[in-house]
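Comments concern the structure below.
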Amino acid sequence: MKIFLTGADGFVGKHVATACVKMGIEVVGVDISSGFDVRSKEARKEVPKNVDAIVHLAGLSNDPMCRDNGYECFETNVLGTLNIMEAAKERGAKQLIFASTEWVYDNCTAEEQKTEESLINIQNIDSEYALSKLVSESNLRQQYLHGFCPTTILRFGIICGTTGAKKSAVEALFMSVKENDEVTVGSLQSGRCFVHVSDIAEGIVKSIGTPGFEIVNLAGDTLITLEDIINTSKEVLGKNPTVKESDPSAVSVRNISNTKAKELLNWSPSITVDTWLKELAEHEN
1 MKIFLTGADG FVGKHVATAC VKMGIEVVGV DISSGFDVRS KEARKEVPKN
51 VDAIVHLAGL SNDPMCRDNG YECFETNVLG TLNIMEAAKE RGAKQLIFAS
101 TEWVYDNCTA EEQKTEESLI NIQNIDSEYA LSKLVSESNL RQQYLHGFCP
151 TTILRFGIIC GTTGAKKSAV EALFMSVKEN DEVTVGSLQS GRCFVHVSDI
201 AEGIVKSIGT PGFEIVNLAG DTLITLEDII NTSKEVLGKN PTVKESDPSA
251 VSVRNISNTK AKELLNWSPS ITVDTWLKEL AEHEN
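Here my numbering is used: position 195 in the sequence shown is 195, and no number is missing along the way.
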């Protein structure tokens with residue numbers, strides 16, 4: 001089996017490549033750092049013929065990179081994805097796996113668990129990043145209806161698992177507990193279904209070969225609040241900083257279901273936030 005992986009040098013891409021090697025899957029990886037530009041028609045020639053899947057991770061990958069930067073965001077994330085779709089047609093790819101995001105869901109609350117069937121009102125989307133992903137999802141759906149190859153859209157949850165200088169929300173809060181006498185957050189009840197990057201990589205690999213057109217959430221099993229992260233960090237680090245809320249009423253919750261991933265892909269996250277924080281503490285000590 002062989003896949004073509006865009007964004008291979010990125011945080012998720014490196015883990016996908018490692019997971020594929022372990023499974024005996026050949027990976028042809030490209031990235032902007034090696035001169036691959038998803039917007040260039042010439043880049044299509046780099047896709048090997050008849051690969052089992054194109055895994056498309058490349059692009060501007062978060063809201064800060066895209067906010068007030070609409071032109072570059074859409075040129076890279078939307079037109080770049082259209083270019084990859086054309087490459088898939090020209091080179092006879094058997095499947096396209098597209099990295100989307102849970103940020104496409106609007107009006108999120110703790111009480112409502114968002115599923116792949118949840119209706120999305122595009123008028124409520126105020127993020128250029130989320131909008132670029134939604135537009136690409138729509139383009140992929142339309143092309144599939146016109147005879148495009150099997151397509152799997154994976155909506156990633158909020159990812160943890162960073163160990164370098166650039167930290168996700170989980171690691172940043174952990175380090176704040178470790179290094180400070182006082183920790184300040186907006187609302188302790190804000191929460192996400194955090195998912196470890198290695199579980200994301202496993203979900204991508206397990207989606208290879210999925211027939212038809214599918215949208216699948218890859219998110220953690222449990223809604224984890226900032227209070228949960230702080231309390232676990234305190235416990236595993238043996239620290240007890242003062243905790244303050246700057247705006248207790250500003251609760252932000254995104255409750256994302258992963259049931260379809262479990263049923264369709266036989267995927268389930270194996271690394272909980274608690275497990276990851278304990279591992280971090282051991283690494284720090």
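Glycine residues also receive a C-beta, built at the ideal position from the N, C-alpha and C atoms.
| Reduced DSSP secondary structure (H/G/I, E/B, other) of Ala-88 | helix
| query | CA-CA distance, Gln-142 and Pro-241? | reply | 52 Å
| request: Could you give the DSSP three-state label for His-146: helix, strand or coil? | output: Here His-146 sits in coil by DSSP.
| Contact the segment 68 to 79 vs the segment 97 to 104: 3+ CB pairs below 8 Å | no
| request: Determine contact between the segment 191 to 206 and the segment 132 to 139, defined as no fewer than three beta-carbon pairs at a distance below 8 Å. | output: Flag = no, the segment 191 to 206 and the segment 132 to 139 do not touch.
| said: Quick check on the burial criterion: 16 or more other C-beta atoms within 10 angstroms. Buried or exposed for His-15? | reply: buried
| Is the beta carbon of Cys-108 sitting closer than 8 Å to the one on Val-253? | yes
| When the Cα atoms are used, what is the spatial distance from Asp-247 to Asn-69? | 28 Å
| request: Let me know if Ile-3 comes out buried or exposed under the rule of 16 or more other beta-carbons within 10 Å of its beta-carbon. | output: With 16 or more other Cβ atoms within 10 Å, it is buried.
| Buried/exposed call for Val-21, threshold 16 Cβ in 10 Å | exposed
| Lys-14 lies in the beta strand (DSSP E); which residues open and close that run? | From DSSP, Lys-14 is part of no beta strand (DSSP E) but of the alpha helix (DSSP H) over 11 to 22.
| Complete runs of the beta strand (DSSP E) confined to the segment 60 to 133 [at least 3 residues] | Listed in chain order, the complete beta strand (DSSP E) runs (minimum 3 residues) inside the segment 60 to 133 are 96 to 101.
| Which whole-angstrom value describes the C-beta separation of Gly-29 and Ala-19, a residue pair presumed to lie in contact below a C-beta threshold of 8 Å? | Their Cβ separation, rounded to whole angstroms, is 12 Å, which puts Gly-29 and Ala-19 out of contact at 8 Å.
| Skipping 5 residues on each side, what residues in its chain have a beta carbon closer than 8 Å to that of Glu-128? | Asp-63, Cys-66, Arg-67, Asp-68, Asn-69, Gly-70, Cys-73, Phe-74
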